[in-house]
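A.B. asks:
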Amino acid sequence: MTKPKKIRLPILLKIWLAIMAIVVAVLVLVWGFQVVFLEQYYVGLKRNELASLSNDVAAAINENGVLLSQNKMMELAGNNRLCIEVVMDNDRVLTVEGLAYDCYLHERNQTAEQALVREARESQTASIRMVRDSTTQTEYLISVSYVNTGSEGGGYVLIITQTLAPVYEAAAVTRTQLLWISGILIILATAVAFFVARLFTKPIVKLSKAAQEIARGNLDITVPVTSTDELGELSQNFNYMASELNKINKLERELVANLSHDIRTPLTMIRGYAEMIKDITGDNKAQREEQLDIIVDETNRLSRLANDALDLSRMQAGQIVMKYTVFDAAQKLRDIVSRYRLLEQTEGFHFVCNAPEHCIVYADETRIEQVVYNLLNNAVNHTEDKKCITLSLHTEKETAWIAVQDMGSGIAPEDLPLIWDRYYKPYHKDRPGMGTGLGLSIVKAVLEGHQAPFGVNSELGKGSIFWFGLRIAQEEKQKSGEKEAAEGKKQNGRKHTAKN
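Per my numbering, residue 4 is the first one in the sequence shown, and the count goes up by one each step.
Written as structure tokens, this is what we have:
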């Protein structure tokens, strides 16, 4: 069963839908509050206001009496467009009118007024109702309440009539305006969506086309950076990625060329000497042994080349775990230097090892030995005239610093940041038979695996110093402290003896 194909929505449509959703939500709120609920909200507000005014009038009458409260009632009626009637139990009526025209209730509909008075006296409760004058199409709020004074005169009925503003007319006007506003907002939303979509999609389309070019193998492609926002940053990162891919591609081509050259030479020698043994020197034991030794050496060289490439790939892939042990780094350096004595005898090199008697470190002994070998081989490989190479070790606080110094031609400043890169080989005058071009990359991978500091100091014409630091084992630090304390005691003893 095939999966249903997903509908692909262009960015323009997505942005338009998002903006339209916001516009519709705003319009629904505006229509709801300004048209649908406007009249209900207004009437509710006026009901609460009329109830409060009715309480104010009743409080004034109860405190000062009906006659003395007329000024207060006239003030409230004039300020709030009210018609106030006080109907006593003896049907005496006091009217205070603040309307601009005749009161709907006692001027035009006395029958309804009398019915409201009877109802209030019977129920002795308060109520507010809305009525409409069909003749003038005017709406009123009428508050009717029975107030029991508790005196011999009994109570009175308080009727307050208030005219409502023609809210339905305002709602009709607002509705017409909102229709125009809604249309304008929809048009603006469409225009803004188109503009924003073009603004966002234009650099994205360029990035997409550039990515397709990279997929076709064109690694020299770049995209213009036209802004400083996230899209501009994305374009910068894309250009950086393309540049790094181009660099890696060139380095890989150089690697293939270097490996092809390094492999071709030993293979040619192995084949040549094997054919010589087969055709010419098979019966000459001395020559045969010599040529077989050469074949073995070249085979070892091929094996070393393969192992270096494999080790580097495994270390950079995190497949090799460092096996930390405690070992004597000073003794290890002396052992390694002793294995280069043949070069002193045959090629005139001079190796110097400056190290203390002991220095116990905590590291992967096999890998650190590989690092030292690679640095020494690198020095041998790039030393021509002054063939003096110094391997040194000194301690500082909790770190053992190891350095390999040569007196070769040095490294150009522009090459210094690149010499640790995989496949990078800045030297062009390598000694034949020495190195694979991967040595410094392996050094970097091993030392990064140890989280050890490392670096190089070099100057053209004066040679180079490659250095790195290892953590001193705690027991070695403790022994060093004990040794210093013992020497201090000996010196104090000697001073005491001299005084005596």
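By construction, the Cβ of each residue, glycine as well, lies at the ideal position given by its N, Cα and C atoms.
So, with DSSP's three-state summary, where would you put L32?
C.D. replies: Position 29 of the sequence shown, counted from the first residue, corresponds to residue 32. DSSP places L32 in helix when its eight states are reduced to three.
A.B. asks: Determine the burial state of H431: buried for a count of at least 16 other Cβ atoms within 10 Å of its Cβ, exposed for fewer.
C.D. replies: Translated into positions along the sequence shown, residue 431 becomes position 428. Unreliable positioning characterises H431 in this predicted model, as indicated by a pLDDT of 46, which lies under 50. The coordinate reading is nonetheless provided below. Exposed, by the Cβ-count rule.
A.B. asks: If we call anything under 8 Å between Cβ atoms a contact, is C362 one with D331?
C.D. replies: Sequence index remark: in the sequence shown, residue 362 carries index 359 (1-based). Sequence index remark: in the sequence shown, residue 331 carries index 328 (1-based). It is a contact, given that the beta carbons lie within the stated cut-off.
A.B. asks: Quick check on V383: does DSSP put it in helix, strand or coil?
C.D. replies: As a position in the sequence shown, residue 383 is number 380, starting the count at 1. Note: V383 maps to helix in three-state DSSP.
A.B. asks: Could you work out which residue in D424, W470, D409, I445 is closest to L463 when comparing CA atoms only?
C.D. replies: Stepping through the sequence shown from its first residue, residue 463 is reached at position 460. When each option's Cα is compared against that of L463, the closest is D409.
A.B. asks: Considering Cα atoms alone, identify which of W404, F354, D300 is closest to T386.
C.D. replies: Translated into the one-based positions of the sequence shown, residue 386 becomes position 383. Out of W404, F354, D300, F354 has the C-alpha closest to the C-alpha of T386.
A.B. asks: If you follow the beta strand (DSSP E) that I392 is part of, which residue opens it and which one closes it?
C.D. replies: The sequence position of residue 392 within the sequence shown is 389, counting from 1. Counting along the chain, the beta strand (DSSP E) containing I392 begins and ends at 391-399.
A.B. asks: Take F241 and list the residues in its own chain whose beta-carbon comes closer than 7 Å to its own, dropping the five residues that flank it on each side.
C.D. replies: Taking the sequence shown and counting its residues from 1, one reaches residue 241 at position 238. Excluding sequence neighbours, F241 sits near L210, A213, V226.
A.B. asks: According to the Cβ coordinates, are V375 and L336 closer than 8 Å?
C.D. replies: As a first step, residue 375 is located in the sequence shown; it is residue number 372 there, counting from the start. As a first step, residue 336 is located in the sequence shown; it is residue number 333 there, counting from the start. Cβ atoms of V375 and L336: closer than 8 Å.
A.B. asks: Rounded to the nearest angstrom, what separates L20 and Q180 at their Cα positions?
C.D. replies: Translated into positions along the sequence shown, residue 20 becomes position 17. Translated into positions along the sequence shown, residue 180 becomes position 177. Those two C-alpha atoms are separated by around 24 Å.
A.B. asks: With H, G and I counted as helix, E and B as strand and the rest as coil, what does DSSP make of T139?
C.D. replies: In the sequence shown, the residue the question calls residue 139 occupies position 136. It is coil, neither helix nor strand.
A.B. asks: Excluding five sequence neighbours on each side, which residues of the same chain lie with their C-beta closer than 8 Å to the C-beta of H499?
C.D. replies: As a working mapping, residue 499 is identified with position 496 in the sequence shown. Residue placement at H499 is flagged as unreliable, the pLDDT there being 47, under the threshold of 50; a coordinate-derived value is accordingly withheld.
A.B. asks: Could you tell me whether the Cβ atoms of V26 and A192 are closer together than 8 Å?
C.D. replies: Walking along the sequence shown from the start, residue 26 turns up at place 23. Walking along the sequence shown from the start, residue 192 turns up at place 189. Closer than 8 Å, so yes.
A.B. asks: Report yes if the C-beta distance between E301 and M272 is below 8 Å; otherwise report no.
C.D. replies: On the sequence shown, residue 301 is found 298 positions in, with the first residue counted as 1. On the sequence shown, residue 272 is found 269 positions in, with the first residue counted as 1. Contact flag set, yes.
A.B. asks: Is the stretch 162-170 in contact with the stretch 135-150, if contact means three or more CB pairs nearer than 8 Å?
C.D. replies: They touch, by the three-pair rule.
A.B. asks: What's the C-alpha gap between N252 and G220?
C.D. replies: Start at 1 with the first residue of the sequence shown, and residue 252 comes out as number 249. Start at 1 with the first residue of the sequence shown, and residue 220 comes out as number 217. Answer to the nearest angstrom: the Cα atoms are 10 Å apart.
A.B. asks: Exposed or buried, R370, counting other C-beta atoms within 10 Å across all chains shown (16 or more means buried)?
C.D. replies: Your numbering for residue 370 matches position 367 in the sequence shown. Its Cβ being crowded by 16 or more others within 10 Å, R370 is buried.
A.B. asks: Please report the distance separating the alpha-carbon of V299 from that of K465.
C.D. replies: Position 296 of the sequence shown, counted from the first residue, corresponds to residue 299. Position 462 of the sequence shown, counted from the first residue, corresponds to residue 465. Roughly 37 Å separates the two Cα atoms.
A.B. asks: Return the residue from the list Q454, P206, D424 that minimises the CA-CA distance to T231.
C.D. replies: Sequence index remark: in the sequence shown, residue 231 carries index 228 (1-based). Minimum Cα distance to T231 is reached at P206.
A.B. asks: Based on DSSP bridge pairs, tell me the residues matched to I363.
C.D. replies: Translated into positions along the sequence shown, residue 363 becomes position 360. DSSP output for I363 lists D331 as bridge partner(s).
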